[in-house]
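Residue numbers (our numbering): 69 to 280.
Notes for the one structure printed next.
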Amino acid sequence: MSEHTHDDHSHLDDMDVRVRALETLLTHKGYVDPAALDAIIETYETRVGPHNGAAVVARAWTDPAFRDWLLRDATAAIASMGFGGRQGEHMVAVENTPEVHHMVVCTLCSCYPWPILGLPPVWYKSAPYRSRAVQDPRGVLRDFGVTLPAGTTIRVWDSTAEVRYVVIPMRPAGTEHLDAAALARLVTRDAMIGTGLALPAPAPAPATGAAP
Ligand code: FE
């Protein structure tokens, strides 16, 4: 509905203005240092992002002891790789299997494991995702282009301010020869939210000199 889009747009503009006004006021009063604010924003735009989570998943795929630790105490296991901090204090990892597919939502707002996934995508914060993920997870997955076998159970985890979930997607077939760095490239942000799957194994490089 176009009216809705328009409302959202105005809301964002209004929000933008308010954020700027607040930043100006707080800076003038000496409560915040604009350079510190820039550093925080830069951190979440570049240093912190889904590549952190992808490294965690790839390690879980290749290191059984780490996988066990991750499933037992995700906060500690993830912190051991240098990823921690705000919005990641209490993390829980849930592992996809052929029997169970996990999907993460925050029905109340937009709680999300920042240290390993960065800032949440816009759709994660949207009302339609937040309500439909619970009511019709299979339909949501279809919208994301994911079709699971009818026999697969879908389990939806509701994030809160206390607990942030991360999905360990299934390791794609035919990736036995890949190292952790190559595996990490197959782990998308959506795969770790559960609205996607890990990417398929890359096609093997053609043998040198081989003619078709
Ligand atoms: Fe939330």
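Glycine is no exception: its CB is placed at the ideal position from the N, C-alpha and C atoms.
Using C-beta distances below 7 angstroms, list every residue in its chain close to residue i, excluding the 5 sequence neighbours before and after it, in chain order.
i, result
"TRP191", "TYR197"
"MET159", "ALA142, THR143, ILE146, PRO181, ARG232, VAL234"
"HIS72", "Only weak support is given to the placement of HIS72: the predicted model assigns it a pLDDT of 43, under 50, and the value that follows is read from those uncertain coordinates. So no residue of the chain qualifies."
"PRO188", "SER178, TYR180"
Comparing C-alpha positions only, which one of the options sits nearest to residue i?
i, options, result
"GLY186", "LEU94, ARG140, LEU209, VAL234", "VAL234"
"LEU139", "ARG253, PRO237, HIS245", "PRO237"
"VAL172", "ALA273, ARG257, VAL85, PRO274", "ARG257"
"PRO183", "PRO102, GLY262, ASN120", "ASN120"
"PRO272", "GLY262, LEU265, LEU246", "LEU246"
"ARG239", "ALA250, ALA229, GLU230", "ALA250"
"LYS193", "THR130, ARG206, CYS177", "CYS177"
"GLU157", "PRO102, ALA229, THR130, ARG253", "ALA229"
"GLN155", "ARG253, ALA133, TYR112, GLY98", "TYR112"
"ILE261", "PRO118, ALA107, ALA252, ALA89", "PRO118"
"PRO166", "ASP81, ALA89, ARG253, ALA241", "ALA241"
Quick one: residues in its chain with C-beta nearer than 8 angstroms to the C-beta of residue i, no 5 flanking neighbours on either side, listed in chain order?
i, result
"THR175", "ARG198, SER199, ALA201, VAL202, ASP226"
"ARG223", "VAL162, VAL168, HIS169, HIS170, MET171"
"ASN105", "One point to set straight first is that residue 105 is Leu, not Asn, in the sequence displayed. Cβ within range, chain order: GLU91."
"ALA107", "none"
Classify residue i: buried if its beta carbon has 16 or more other beta carbons within 10 angstroms, exposed otherwise.
i, result
"THR243", "buried"
"HIS77", "Only weak support exists for where HIS77 lies, its pLDDT of 49 falling under 50; the coordinates are left without a value."
"GLY219", "exposed"
"CYS179", "buried"
"MET83", "exposed"
"ILE109", "exposed"
"PRO270", "exposed"
"PRO217", "exposed"
"GLY207", "exposed"
"VAL85", "exposed"
"ALA103", "exposed"
"ALA133", "exposed"
Excluding sequence positions up to five away, which residues of its chain have a Cβ less than 6 angstroms from the Cβ of residue i?
i, result
"ARG135", "ALA128"
"PHE151", "ASN120, PRO183, ILE184"
"PRO205", "MET171, ILE222, VAL224"
"PRO274", "none"
"THR130", "ALA248"
"TRP137", "ALA145"
"ARG253", "none"
Give me the Cβ distance between residue i and residue j, rounded to the nearest whole Å; I'm assuming they're in contact under 8 angstroms.
i, j, result
"VAL87", "LEU94", "At roughly 11 angstroms, the Cβ-Cβ gap does not stay under 8 angstroms, so VAL87 and LEU94 are not in contact."
"ALA122", "VAL214", "No, ALA122 and VAL214 are not in contact; Cβ-Cβ is about 18 angstroms, not under 8 angstroms."
"PHE212", "GLY264", "6 angstroms"
When you compare the CB positions of residue i and residue j, do they come within less than 8 angstroms of one another, or not?
i, j, result
"VAL124", "MET149", "yes"
"ALA259", "ALA248", "no"
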